[in-house]
Amino acid sequence: KQEVTQIPAALSVPEGENLVLNCSFTDSAIYNLQWFRQDPGKGLTSLLLIQSSQREQTSGRLNASLDKSSGRSTLYIAASQPGDSATYLCAVSSDNQGGKLIFGQGTELSVKP
Amino acid sequence: ETGVTQSPTHLIKTRGQQVTLRCSSQSGHNTVSWYQQALGQGPQFIFQYYREEENGRGNFPPRFSGLQFPNYSSELNVNALELDDSALYLCASSWGGPSTDTQYFGPGTRLTVL
Chain A
69 KQEVTQIPAA
79 LSVPEGENLV
89 LNCSFTDSAI
99 YNLQWFRQDP
109 GKGLTSLLLI
119 QSSQREQTSG
129 RLNASLDKSS
139 GRSTLYIAAS
149 QPGDSATYLC
159 AVSSDNQGGK
169 LIFGQGTELS
179 VKP
Chain R
6 ETGVTQSPTH
16 LIKTRGQQVT
26 LRCSSQSGHN
36 TVSWYQQALG
46 QGPQFIFQYY
56 REEENGRGNF
66 PPRFSGLQFP
76 NYSSELNVNA
86 LELDDSALYL
96 CASSWGGPST
106 DTQYFGPGTR
116 LTVL
């Protein structure tokens, strides 16, 4: 049974700092991995999607890496801003059924001005 | 703007009651998935509907049921509510079928069971 874990559960950093969020999964037979952002009481916004054949994806100040063999992914946020404050969730899909995602519990990020 | 809406925004029910949550997708979105997100946890997959048929189910009891309509709107029904059913319920839709990676999430319905 696939399990996804995110560390740390919460993180507080000063504005401008570069930071890394971690995600690990127990079964390396994944189809893809996604990183989402969730603002308090709101739905999810997809940030980056990495196919199992890819090693990383970049979007603006965000870079996500994937190491399938070790069951790990990282989300790197450069030059953090207060507007980055949110909960970040990673999710894996174990087959090509894109809607059946298995999520980690999230990392709550707070960026202080 | 994802165009996925959910209603109601908030709902309070008592234990043992029944509840219906609704999701309206963008035109052409033929696949919808429902998730339950307890406070402080990640979303858990409940089930998925594709072209009005259930296409996979997570580890949820039969009292969680769903429907998808010809216009691709969807309902999540929960019978015999329990306190642990208190959560944010999210729907996510896509247009390319179950194998589509990109899904659009609605804002969720916050259900409180007293």
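Going down the list, the sequences are from chains A and R.
Last residue of the first sequence: 181 in the numbering used here, with the numbers rising by one and none dropped.
Last residue of the second sequence: 119 in the numbering used here, with the numbers rising by one and none dropped.
Glycine included, each C-beta is placed from N, C-alpha and C at the ideal position.
Notebook entry, point to check: Since R/Y109 contacts R/V9 with CB under 8 angstroms, what's their CB separation in whole angstroms?
Noted result: Sure, about 5 angstroms apart at Cβ, within 8 angstroms.
Margin query: I'd like to know whether the C-beta of R/Q73 is nearer than 8 angstroms to at least one C-beta of chain A.
Written below: Not closer than 8 angstroms to any Cβ of chain A, the Cβ of R/Q73 fails to qualify, so no.
Check: Could you give the C-beta distance for A/R123 and A/L130, rounded to a whole number, given that I count them as a contact under 8 angstroms?
Finding: Going by Cβ atoms, the distance from A/R123 to A/L130 rounds to 15 angstroms, so no, they are not a contact pair.
Notebook entry, point to check: Should A/A169 be flagged as near chain R, meaning a C-beta pair shorter than 8 angstroms?
Noted result: Looking at the sequence provided, one finds Leu at residue 169 of chain A rather than Ala. Taking 8 angstroms as the threshold, the shortest C-beta distance from A/L169 to chain R falls below it.
Notebook entry, point to check: Hey, is the segment 72-79 of chain R in contact with the segment 11-22 of chain R, meaning 3+ C-beta pairs nearer than 8 angstroms?
Noted result: No, the segment 72-79 of chain R is not in contact with the segment 11-22 of chain R.
Next item on the list: With 7 angstroms as the limit, tell me which residues of the segment 67-99 of chain R have their beta carbon closer than that to any beta carbon of chain A; keep them in chain order.
Entry: When C-beta distances to chain A are compared with 7 angstroms, the residues of the segment 67-99 of chain R below that value are L95, A97 and S99, in chain order.
Check: How would you list, in chain order, the residues of chain R whose beta-carbon sits under 7 angstroms from the beta-carbon of A/Q125?
Finding: Chain R residues near A/Q125: none, gap ~12 angstroms exceeds 7 angstroms.
Next item on the list: Give the DSSP-derived three-state secondary structure of A/L79 in the structure shown.
Entry: The answer is strand: DSSP assigns A/L79 an E or B state.
Next item on the list: Name, in chain order, the residues that DSSP records as bridge partners for A/Y156.
Entry: A/Y156 is bridged to A/R105 and A/T175.
Next item on the list: Would you tell me roughly how many angstroms separate the C-alpha atoms of A/Y156 and A/K180, rounded to the nearest one?
Entry: Going from the Cα of A/Y156 to the Cα of A/K180 covers about 17 angstroms.
Item checked: Where the beta strand (DSSP E) containing R/S70 begins and where it ends -> Here the beta strand (DSSP E) through R/S70 covers F69 to Q73.
Check: Does any C-beta atom of chain R lie closer than 8 angstroms to the C-beta of A/K136?
Finding: Using beta-carbon distances, A/K136 does not count as an interface residue toward chain R, since no partner is under 8 angstroms.
Checklist line | DSSP three-state assignment for R/L88, whether helix, strand or coil | finding: For R/L88, the secondary structure class from DSSP, reduced to helix, strand or coil, is helix.
Notebook entry, point to check: Of all the options A/G84, A/L87 and A/C91, which has the alpha carbon lying nearest to the alpha carbon of A/G174?
Noted result: Of the listed residues, the one whose Cα sits closest to A/G174 is A/C91.
Item checked: Neighbour flag for R/Q53 against chain A, beta carbons, 8 angstroms -> It does; some Cβ of chain A falls within 8 angstroms.
Checklist line | Cβ-Cβ distance between A/L143 and A/I118 below 8 angstroms | finding: Going by beta carbons, A/L143 and A/I118 fall outside the 8 angstroms limit.
Notebook entry, point to check: Which one of A/G84, A/C158, A/D163 and A/K168 has the shortest CA to CA distance from A/P76?
Noted result: The closest CA to that of A/P76, considering only A/G84, A/C158, A/D163 and A/K168, is found on A/C158.
Notebook entry, point to check: On the three-pair Cβ rule with 8 angstroms, is the segment 84-96 of chain R touching the segment 71-87 of chain A?
Noted result: Counting Cβ pairs under 8 angstroms, fewer than three are found: no touch.
Notebook entry, point to check: Using a C-beta cutoff of 8 angstroms, does A/G128 count as contacting chain R?
Noted result: It does not: the Cβ of A/G128 has no partner Cβ on chain R nearer than 8 angstroms.
Next item on the list: State the beta-bridge partners of R/V24 as determined by DSSP.
Entry: Paired residues: R/V83.
Margin query: Excluding the 5 residues flanking A/D107 on each side, which residues of the same chain have their C-beta closer than 6 angstroms to its C-beta?
Written below: If we look at A/D107 and ignore the five residues flanking it on each side, its Cβ neighbours are A154.
Note to self: Taking the straight line between their C-alpha atoms, what separation do you get for A/A147 and R/S70?
What the structure shows: Each residue's Cα considered, the two are about 45 angstroms apart.
Notebook entry, point to check: Given that A/K180 touches chain R, what residues does it touch there, using C-beta distances under 8 angstroms?
Noted result: The contacting residues do not exist; A/K180 stays about 21 angstroms from chain R at best.
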